[in-house]
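Worksheet: the structure to be examined is printed underneath.
Residue numbers (the working numbering), protein chains in the order written: chain A, 1 to 302; chain B, 1 to 267.
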């Protein structure tokens, strides 16, 4: 590289940074910087009326997992907290699996339509994705609640005598989250299937593979990056879900997101809330790292 | 084997896809339908009426919340689109430079961190700032929204830039246009559809936000979504249906705009 070229490259890089600077400043002030403050707050002492007192304490982190009996001074596992963690984790994983079971055939169906029709059906998937999560949760709630459309229909048809109690149950949360997050699974799956070379199917069938073998041995391994991307895109917001469990769980079926909010409201335990937020962030980061590694592994094999 | 063997067909997939589309849309359409229902009960249809829309618009709280939503979304879209355009110009169509990956990571950060965590972080940060400065206006909401809207504005602008070659700009500088003139009269007009699409996506994203707004708003500073969430704490009210239907209509209009601006010309 000549001197002039090196200088030009330096100028280009400097301009790149300068042009990006305003965006970086805003994101540092209102997105990344505050995360560090959360970390600091998780090691402070809760104030009597919310907020914190600037005294170092491990209690925020300790109370994530254990409870202290204030009369006897004994420690025990915080069962209530563990119940909430378990509910968050199991519902998130179940939601991911169910959105895949519904989303994969849907994405496949769209990708095998004629090209003109594909754009239309894909638009029908993106539309709910951009629609307010609150509006979509209201919509599904109107279907499944006791006086809702589903129960009214079933009673009218004589299938049941009394409404099935779905709201405030884990099933309602599961239905709601599958409904809300389905587009996030379909979109990356579609992108992967769209790149899939359909001639491979002919090759498979020519070699006497059954439909099931073609699906398991040819399609699924090749669209695996799309499966991983979809699973991460669904799992991450599920773990931090707040709106859907609040509406469909009615305060009884709390998930991690609602539990965090509680600490900043009635719970008045900001350090515990901060510790829980950091914990959630760590879980999500691990999931994302796993995603990046899986994707790089794919590239190397491909 | 008279029938042609369809290679791409897999048993049961069509059924599941059809069920998925019906399940996605039936609840939304039901919600819109019941916003026009005369009766307060969602269980029975008793005739067409616009009462819930009238009720919603006569409510001062709703008017105030709608105004807040529009102000915050407009400013957030303006700010985020401006800085996203600059960042897109800085990160595309030039030789890869050190730290470029870091810039991508920062810009996409709001897509990777759970909303609830950002909400908590901003609640803590802004509550200290509020105490220190005494300012409790909409500025906090605008700043927070501008930040998480940046990746949504950035993506279509960057996509548009990557599709533009440098021929016209080179031609302009060959004809002695200054770099500002080239940008103003060549680059920007070509980039405009991407910028508008980015601004619309940023606007929709800001308008739809519930969690971050719910955490950082000052008392009495509801936006439409947080107002609706608050109403639900008591009883499901049909005027909330009307507001939902309105939000849905705004989203649909803006998305149609984005679609028209970003579709590829058939050439």
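Glycine included, C-beta positions come from ideal geometry on N, C-alpha and C.
Inter-residue Cα distance where the pair is residue i and residue j
i: residue 267 of chain B; j: residue 178 of chain A; result: Note on residue 267 of chain B: pLDDT 38, under 50, position unreliable in the model; the coordinate value appears next. For residue 267 of chain B and residue 178 of chain A, the distance between alpha carbons rounds to 39 Å.
i: residue 232 of chain A; j: residue 31 of chain A; result: 21 Å
i: residue 155 of chain A; j: residue 44 of chain A; result: 55 Å
i: residue 117 of chain A; j: residue 156 of chain B; result: 23 Å
i: residue 47 of chain B; j: residue 38 of chain B; result: 5 Å
i: residue 269 of chain B; j: residue 159 of chain B; result: Residue 269 of chain B falls outside the range modelled here, since chain B spans only 1 to 267, and no answer is possible.
i: residue 1 of chain B; j: residue 214 of chain A; result: Annotation note: pLDDT 45 at residue 1 of chain B (below 50); position unreliable, coordinate value reported separately. Using only the alpha carbons, I get a separation of about 20 Å.
i: residue 239 of chain B; j: residue 56 of chain A; result: 48 Å
i: residue 302 of chain A; j: residue 121 of chain A; result: In this predicted model, residue 302 of chain A has a pLDDT of only 49, less than 50, meaning its place in the structure is not dependable; the value taken from the coordinates is given anyway. For residue 302 of chain A and residue 121 of chain A, the distance between alpha carbons rounds to 30 Å.
i: residue 109 of chain B; j: residue 66 of chain B; result: 28 Å
i: residue 131 of chain A; j: residue 204 of chain B; result: 8 Å
i: residue 16 of chain A; j: residue 261 of chain B; result: 26 Å
i: residue 122 of chain B; j: residue 256 of chain B; result: 33 Å
i: residue 254 of chain A; j: residue 230 of chain A; result: 25 Å
i: residue 74 of chain B; j: residue 81 of chain B; result: 11 Å
i: residue 5 of chain A; j: residue 94 of chain B; result: 13 Å
i: residue 139 of chain A; j: residue 70 of chain B; result: 23 Å
i: residue 134 of chain B; j: residue 164 of chain A; result: 51 Å
i: residue 175 of chain B; j: residue 25 of chain A; result: 36 Å
i: residue 164 of chain B; j: residue 194 of chain B; result: 11 Å
i: residue 67 of chain A; j: residue 35 of chain A; result: 26 Å
i: residue 12 of chain A; j: residue 181 of chain A; result: 41 Å
i: residue 168 of chain B; j: residue 120 of chain B; result: 47 Å
Which of helix, strand or coil DSSP assigns to residue i
i: residue 52 of chain A; result: strand
i: residue 67 of chain A; result: strand
i: residue 10 of chain B; result: coil
i: residue 46 of chain A; result: strand
i: residue 258 of chain A; result: helix
i: residue 302 of chain A; result: Since pLDDT at residue 302 of chain A reaches only 49, below the 50 mark, its modelled position is unreliable, and the value read off the structure follows with that caveat. Residue state, collapsed to three classes: coil.
i: residue 76 of chain A; result: strand
i: residue 132 of chain A; result: coil
i: residue 266 of chain B; result: A caution first: residue 266 of chain B carries a pLDDT of 42, below 50, which makes its placement in the model too unreliable to give a value.
i: residue 1 of chain B; result: Model confidence at residue 1 of chain B stands at a pLDDT of 45, short of 50, so the residue's coordinates are unreliable and nothing is read from them.
i: residue 264 of chain A; result: helix
i: residue 284 of chain A; result: helix
i: residue 48 of chain B; result: strand
i: residue 151 of chain A; result: helix
i: residue 37 of chain B; result: strand
Residue range of the alpha helix (DSSP H) that includes residue i
i: residue 219 of chain B; result: Unbroken run through residue 219 of chain B: none, as it is neither H nor E.
i: residue 170 of chain B; result: 167-174
i: residue 200 of chain B; result: 188-208
i: residue 81 of chain A; result: 79-111
i: residue 206 of chain A; result: 199-206
i: residue 104 of chain B; result: 100-112
i: residue 214 of chain A; result: Run containing residue 214 of chain A: none; DSSP gives neither H nor E here.
Proximity below 8 Å, CB of residue i to CB of residue j
i: residue 103 of chain A; j: residue 185 of chain A; result: yes
i: residue 260 of chain A; j: residue 42 of chain A; result: no
i: residue 168 of chain A; j: residue 257 of chain A; result: no
i: residue 223 of chain A; j: residue 276 of chain A; result: no
i: residue 197 of chain B; j: residue 258 of chain B; result: yes
i: residue 68 of chain B; j: residue 223 of chain B; result: yes
i: residue 216 of chain B; j: residue 141 of chain B; result: yes
i: residue 229 of chain B; j: residue 210 of chain B; result: yes
i: residue 241 of chain B; j: residue 25 of chain B; result: no
i: residue 281 of chain A; j: residue 106 of chain B; result: no
i: residue 13 of chain B; j: residue 212 of chain A; result: no
i: residue 161 of chain B; j: residue 92 of chain B; result: yes
i: residue 273 of chain B; j: residue 201 of chain A; result: One cannot answer for residue 273 of chain B here, as it falls past the ends of chain B, which runs 1 to 267.
i: residue 235 of chain A; j: residue 96 of chain A; result: yes
i: residue 247 of chain A; j: residue 141 of chain A; result: yes
Buried versus exposed call for residue i [16 or more other C-beta atoms within 10 Å across all chains shown]
i: residue 296 of chain A; result: exposed
i: residue 180 of chain B; result: exposed
i: residue 160 of chain A; result: exposed
i: residue 145 of chain B; result: buried
i: residue 263 of chain A; result: buried
i: residue 125 of chain A; result: buried
i: residue 221 of chain A; result: exposed
i: residue 128 of chain A; result: buried
i: residue 171 of chain B; result: exposed
i: residue 88 of chain A; result: buried
i: residue 79 of chain A; result: exposed
Chain-ordered neighbours of residue i on chain E, where CB pairs are closer than 8 Å
i: residue 109 of chain B; result: Absent here is chain E; the protein component of the structure consists of chains A and B.
Cβ-heavy atom distance, residue i to the ligand GTP, below 7 Å
i: residue 254 of chain B; result: For the structure depicted, the ligand GTP is absent and the ligand set is empty, with no information on it obtainable.
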